[in-house]
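> What follows is a single structure, and I will ask about it in a moment.
Number of protein chains: 2
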Amino acid sequence: MTDFTATKAMFHLPEGVIYLDGNSLGPLPRAAAARVARTITQEWGDMLITAWNRAHWMEMPARVGDRVARLIGAEPGTVVMGDTLSIKVYQAIASALEMNPARRVILSDTGNFPSDLYIADGLVRTLGDGYELRTVAPEEVENAIDETVAVTMLTEVDYRTGRKHDMKRLTEKAHAMGALAVWDLAHSAGAIPVRLAEAGADFAVGCSYKYLNSGPGGPAFIYVAPRHAETARPALSGWLGHEAPFAFDLDYRPGRGIERMRVGTPPILQLAALDAAMDVWDMTTIEEVRARSIELTQLFIARVEASCPALTLASPRDPELRGSQVSFRHPEGYAIMQALIARGVIGDFRAPDILRFGFTPLYIGPDEVEGAARILAEIMDKALWDRPEFKARARVT
Amino acid sequence: MTDFTATKAMFHLPEGVIYLDGNSLGPLPRAAAARVARTITQEWGDMLITAWNRAHWMEMPARVGDRVARLIGAEPGTVVMGDTLSIKVYQAIASALEMNPARRVILSDTGNFPSDLYIADGLVRTLGDGYELRTVAPEEVENAIDETVAVTMLTEVDYRTGRKHDMKRLTEKAHAMGALAVWDLAHSAGAIPVRLAEAGADFAVGCSYKYLNSGPGGPAFIYVAPRHAETARPALSGWLGHEAPFAFDLDYRPGRGIERMRVGTPPILQLAALDAAMDVWDMTTIEEVRARSIELTQLFIARVEASCPALTLASPRDPELRGSQVSFRHPEGYAIMQALIARGVIGDFRAPDILRFGFTPLYIGPDEVEGAARILAEIMDKALWDRPEFKARARVT
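Same order as they appear, the protein sequences are chains A and B.
This note's numbering numbers the first residue of the first sequence as 1 and each following residue consecutively.
This note's numbering numbers the first residue of the second sequence as 1 and each following residue consecutively.
This is how it looks when you write it as structure tokens:
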């Protein structure tokens with residue numbers, strides 16, 4: 001059994017703050033500060049250029065990628081770190097489209113994180129030639145996967161509502177229809193058990209600065225299923241994805257397996273922070289974190305619904321159908337969130353009306369959940385949000 | 001006049017090392033360690049998600065970009081930091097191609113850094129439709145710019161030989177022929193005066209971990225000429241390049257000016273290191289650094305040619321025609337460089353036969369140049385490289 005007091009002690013959490021925004025930026029793992037300092041002074045400072053070999057910097061994207069792989073049900077050697085999530089989305093969908101050349105449609109949903117849609121739109125415009133980004137409502141995705149779809153591009157957990165797609169079922173539908181499946185795990189990796197290999201996903205991507213606590217701008221990751229690893233063509237074919245980067249050949253030859261998805265020089269300081277942040281996973285399992293997350297989110301929903309009738313649950317009520325966050329709607333959501341932050345309860349607001357709270361058992365327990373719900377109730381009461389005259393106003397807003 | 005003793009004192013340089021590889025990875029600016037530590041503990045640690053606003057993280061890519069702009073002759077507000085150089089090359093050439101739709105040729109040279117060629121090759125394959133990457137020898141570039149060329153993609157300073165293209169002349173030729181000019185400043189920024197605006201460059205890109213000393217994997221930069229800033233379409237259209245990223249609109253609208261070239265979440269730890277590293281430029285000017293660099297490289301060439309006849313100068317002899325590095329050829333270049341590194345003189349080797357030495361006046365002076373040349377001479381003598389029997393062997397290798 002996980003000792004969540006011990007995992008919490010691994011993080012720096014400011015006094016007087018209840019941090020429910022680890023789904024946006026995870027807090028500082030204490031070990032990360034020391035680890036980055038060591039990388040700077042003992043590696044960069046003292047080893048200079050030789051640290052690429054002596055401090056094994058060059059292997060970090062794959063070595064740390066393997067640590068992430070264990071959390072998302074990916075085979076060893078199938079995940080590599082680098083770039084940002086948007087770049088990794090581009091690589092995944094560009095590669096997938098090329099593997100399905102008779103088709104022209106990227107299928108996504110309107111609940112997807114907008115950057116994924118923007119990136120797909122940019123790719124479609126670059127490709128021209130009848131390529132199309134088709135978006136449907138999240139609940140219509142399954143029916144919309146038909147024999148015109150080249151690739152599905154879906155984010156497993158909706159960034160606003162926490163609604164969770166059924167990865168296995170949608171991947172199977174995609175394959176049955178002759179499409180490839182690309183999954184964005186931004187709100188899944190480190191939050192819920194993901195079983196990429198078992199689900200048969202073709203590509204997956206994600207970021208590390210949310211539930212993996214790597215710090216602001218930490219590197220993204222990309223997964224390529226082993227069956228595609230030696231054939232996928234990386235559209236962003238940078239030198240560190242070359243079979244022999246230091247041969248400085250004029251012609252590109254993709255590297256072995258997942259290595260080909262590397263592009264440029266890896267961000268070593270950010271990777272060092274991530275590497276340190278991953279140590280907490282030696283003390284627990286994603287399954288135990290998930291079980292605890294469900295307890296916490298159920299408790300939060302119960303408390304808020306009991307004391308804040310003006311807030312409407314925006315997340316699925318069934319915990320099996322949502323990720324590790326809970327969202328409520330209110331027309332004055334922005335103002336409410338500002339008031340919460342002023343009281344030390346940090347969640348975030350997502351337009352137009354979503355109050356979003358992330359629950360991260362590594363450092364959040366029932367006491368914080370009760371405290372956050374109590375402060376939220378006080379704010380809602382103080383501001384008279386629950387009174388009939390306010391409700392009348394809110395309805396016409 | 002610059003006090004180069006004072007600039008040198010800003011860097012951590014290990015005892016017993018003569019570091020002539022700042023053109024590959026700049027050494028640690030002392031201020032960078034403290035600055036990154038502060039960013040980690042006081043910003044990430046204590047402010048958590050609110051640091052995006054309170055610590056002005058979100059504006060860092062443009063603010064630091066402006067500091068870089070001053071070194072490369074770019075107008076304020078035309079440079080933004082992010083991603084890796086390979087990604088920025090992709091953005092620049094993809095945007096440029098789209099601005100010249102009647103043509104299909106990217107012109108580059110065989111001396112270009114291979115990653116630029118790989119990236120262009122990947123883009124051409126993605127575009128299909130008759131697009132072509134055409135490469136010629138560096139000295140043939142000017143003649144090869146004809147009315148079929150859509151965009152020239154050139155690295156100003158050759159990574160192996162230090163040979164410098166005439167940016168203004170080639171840009172004018174490109175424009176005269178109806179092509180756009182994209183310049184890679186990897187070995188220029190912080191090394192030599194660059195005058196992007198004066199030369200009329202359309203796009204420029206570069207990295208910060210070489211002569212700008214931002215540390216391993218520091219962010220790249222991209223410049224877009226003001227005349228294109230509101231029309232260039234970023235092929236990699238990520239959310240932070242959107243006009244209103246936090247509106248979470250489903251449709252992409254490019255941001256104002258250079259902001260549209262941002263893609264994903266910026267790497268704040270690496271940006272903090274770069275920001276600290278830029279402080280040294282408050283103590284000197286790129287013109288004074290260039291004048292000193294020429295003195296140092298001329299001295300090194302004179303000393304090495306006097307004592308190491310087996311080494312052949314691979315860089316242009318005229319300092320006006322080269323960047324801030326000096327390269328020599330020798331068939332056993334790899335072994336010679338290993339011997340140098342073992343003696344504390346750190347340069348690097350580039351296949352097949354190049355010994356490369358970067359001269360960075362911010363922290364390298366005449367004493368280090370004399371010392372490096374003396375140790376090189378000792379190695380060449382000790383290993384008998386200069387003797388006839390070795391030369392005979394080397395010729396058949």
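Ideal Cβ positions, reconstructed from N, Cα and C, are used throughout, including at glycine.
1. Spell out whether any CB of chain A is found under 8 Å from the CB atom of GLY65(B).
2. Which stretch, first to last residue, makes up the alpha helix (DSSP H) that contains ASP251(B)?
3. Taking C-beta pairs closer than 7 Å, name the residues in chain B that PHE248(A) reaches, listed in chain order.
4. Name, in chain order, the residues that DSSP records as bridge partners for LYS164(A).
5. If you follow the alpha helix (DSSP H) that LEU20(A) is in, where does it begin and where does it stop?
6. Which residue spans inside the segment 277–330 of chain B form an unbroken beta strand (DSSP E) run of at least 3?
7. Using a beta-carbon distance below 8 Å, is THR265(B) in contact with chain A?
8. When DSSP labels each residue in this structure, what does ALA181(A) get in the three-state scheme?
9. Can you give the beta carbon distance from MET81(A) to LEU240(A), rounded, assuming they're within the 8 Å contact cut?
10. Round the Cβ separation of SER293(A) and ALA314(A) to the nearest angstrom and send it over; I've been treating them as touching at under 8 Å.
11. With DSSP run on the structure shown, which of helix, strand or coil describes TYR223(B)?
12. So, helix, strand or coil for ASP150(B), using DSSP?
13. Can you check whether the C-beta of SER18(A) is within less than 8 Å of a C-beta belonging to chain B?
14. Check whether chain E comes within 8 Å of TYR118(A), counting only Cβ atoms and requiring the distance to be less than that.
15. Looking only at its chain, what residues have a beta carbon closer than 7 Å to the beta carbon of ASP21(A), apart from the 5 residues adjacent to it on each side?
16. Can you give the Cα-Cα distance for ARG256(B) and THR152(B), rounded to whole angstroms?
17. Alpha carbons only, please: which of VAL263(A), GLU147(A), GLY264(A) and THR161(A) is nearest the one belonging to ALA138(A)?
18. How close, in whole Å, do the beta carbons of GLY206(A) and ALA220(A) come, if the pair is a contact with beta carbons under 8 Å?
19. So is HIS228(A) in contact with chain B if we call contact Cβ pairs under 8 Å?
20. How far does the alpha helix (DSSP H) with THR126(B) in it extend, from its first residue to its last?
21. When DSSP labels each residue in this structure, what does ASP202(A) get in the three-state scheme?
22. Can you pull out the residues from the segment 25–41 of chain B whose beta carbon lies closer than 8 Å to at least one beta carbon of chain A?
23. Kindly examine the ligand HEM and report whether one of its heavy atoms sits closer than 7 Å to the Cβ of GLY200(A).
24. Please list the partners that TYR90(B) has in chain A, where partner means a Cβ-to-Cβ separation under 7 Å.
25. Using 8 Å for Cβ pairs, my map puts MET99(A) next to HIS12(A). What's the rounded Cβ distance?
26. Please identify the residue among ASP109(B), ARG134(B), VAL149(B) and MET177(B) whose C-alpha is closest to the C-alpha of ASP158(B).
27. If you measure from the beta carbon of HIS242(A) to each beta carbon in chain B, is any gap under 8 Å?
28. If I follow the unbroken alpha helix (DSSP H) through PHE4(B), where does it start and stop?
29. By alpha-carbon positions, which one of GLY200(A), ALA189(A) and ILE106(A) ends up nearest to LEU154(A)?
30. Looking only at DSSP bridge pairs, what is THR135(A) linked to?
31. Could you please give the first and the last residue of the uninterrupted beta strand (DSSP E) stretch that includes MET81(B)?
32. Beta carbon of ILE18(A), beta carbon of ALA377(A): below 8 Å?
33. Quick check on GLY323(A): buried or exposed, where buried means 16 or more other Cβ atoms within 10 Å of its Cβ?
34. Taking only runs that begin and end inside the segment 35–107 of chain B, name each unbroken alpha helix (DSSP H) of 4 or more residues, in chain order.
35. Should the segment 358–369 of chain B be called in touch with the segment 52–69 of chain B, which here means at least 3 C-beta pairs below 8 Å?
36. Roughly how many whole angstroms lie between the Cα atoms of TYR211(A) and ILE87(A)?
With the structure as the only source:
1. Answer no: the Cβ-Cβ gap between GLY65(B) and chain A never drops below 8 Å.
2. ASP251(B) -> no alpha helix (DSSP H), and no H or E assigned at all.
3. Using a Cβ-Cβ cut-off of 7 Å, PHE248(A) is close to PRO114, ARG350 and ALA351 of chain B, given in chain order.
4. BP columns for LYS164(A) point to VAL157(A).
5. Run containing LEU20(A): none; DSSP gives neither H nor E here.
6. Correct list: 325–329.
7. The Cβ of THR265(B) sits closer than 8 Å to at least one Cβ of chain A.
8. Reduced to three states, the DSSP call for ALA181(A) is strand.
9. With 8 Å as the limit, MET81(A) and LEU240(A) do not qualify as a contact, their Cβ atoms being about 12 Å apart.
10. About 17 Å separates the beta carbons of SER293(A) and ALA314(A), which is beyond the 8 Å limit, so they are not a contact pair.
11. In the structure shown, TYR223(B) sits in a strand (DSSP, three-state: E or B).
12. First, the amino acid is wrong: residue 150(B) is Ala here, not Asp. Of the three classes helix, strand and coil, the one that applies to ALA150(B) here is strand, per DSSP.
13. The sequence shown places Ile at residue 18(A), rather than the Ser named in the question. Not one chain B Cβ lies under 8 Å of ILE18(A).
14. The structure shown has no chain E; the protein chains it does contain are A and B.
15. Contacts found: ILE346, GLY347, ASP348 and GLY358.
16. When rounded, the distance between both Cα atoms is 25 Å.
17. Note on identity: in this sequence residue 138(A) is Pro, with Ala being the wrong assignment. Considering only alpha carbons, the answer is THR161(A).
18. GLY206(A) to ALA220(A), Cβ: 7 Å. Contact.
19. No, because no Cβ of chain B sits closer than 8 Å to the Cβ of HIS228(A).
20. Element bounds for THR126(B): 114–127.
21. In this structure, ASP202(A) counts as coil in the three-state DSSP scheme.
22. Close to chain A, meaning a Cβ-Cβ distance shorter than 8 Å, are the following residues of the segment 25–41 of chain B: LEU25, PRO27, LEU28, ALA32, ALA33, VAL36, ALA37, ILE40 and THR41.
23. You won't find the ligand HEM in this model; it holds no ligand whatsoever.
24. For TYR90(B), the chain A residues whose Cβ falls inside 7 Å of its Cβ are LEU236, in order along the chain.
25. For MET99(A) against HIS12(A), the beta-carbon gap comes to about 44 Å, at or over 8 Å, which does not count as contact.
26. Among ASP109(B), ARG134(B), VAL149(B) and MET177(B), the Cα nearest to that of ASP158(B) is on ASP109(B).
27. It does: the Cβ of HIS242(A) has a partner Cβ on chain B nearer than 8 Å.
28. Following the DSSP letters along the chain, one finds PHE4(B) inside the alpha helix (DSSP H) bounded by residues 4–9.
29. Looking at the Cα atoms, ILE106(A) is the closest of the given residues.
30. Under DSSP, THR135(A) takes part in a beta bridge, and its partners are SER108(A).
31. It spans 79–81 - the beta strand (DSSP E) in which MET81(B) sits, taken as one unbroken run.
32. In this structure, ILE18(A) keeps its C-beta atom at 8 Å or more from the C-beta atom of ALA377(A).
33. Note on GLY323(A): 16 or more other CB atoms within 10 angstroms of its CB, so buried under the neighbour-count rule.
34. The segment 35–107 of chain B contains these whole alpha helix (DSSP H) runs: 51–54, 60–71 and 85–98.
35. The segment 358–369 of chain B is not in contact with the segment 52–69 of chain B.
36. When only Cα atoms are considered, TYR211(A) and ILE87(A) end up about 19 Å apart.
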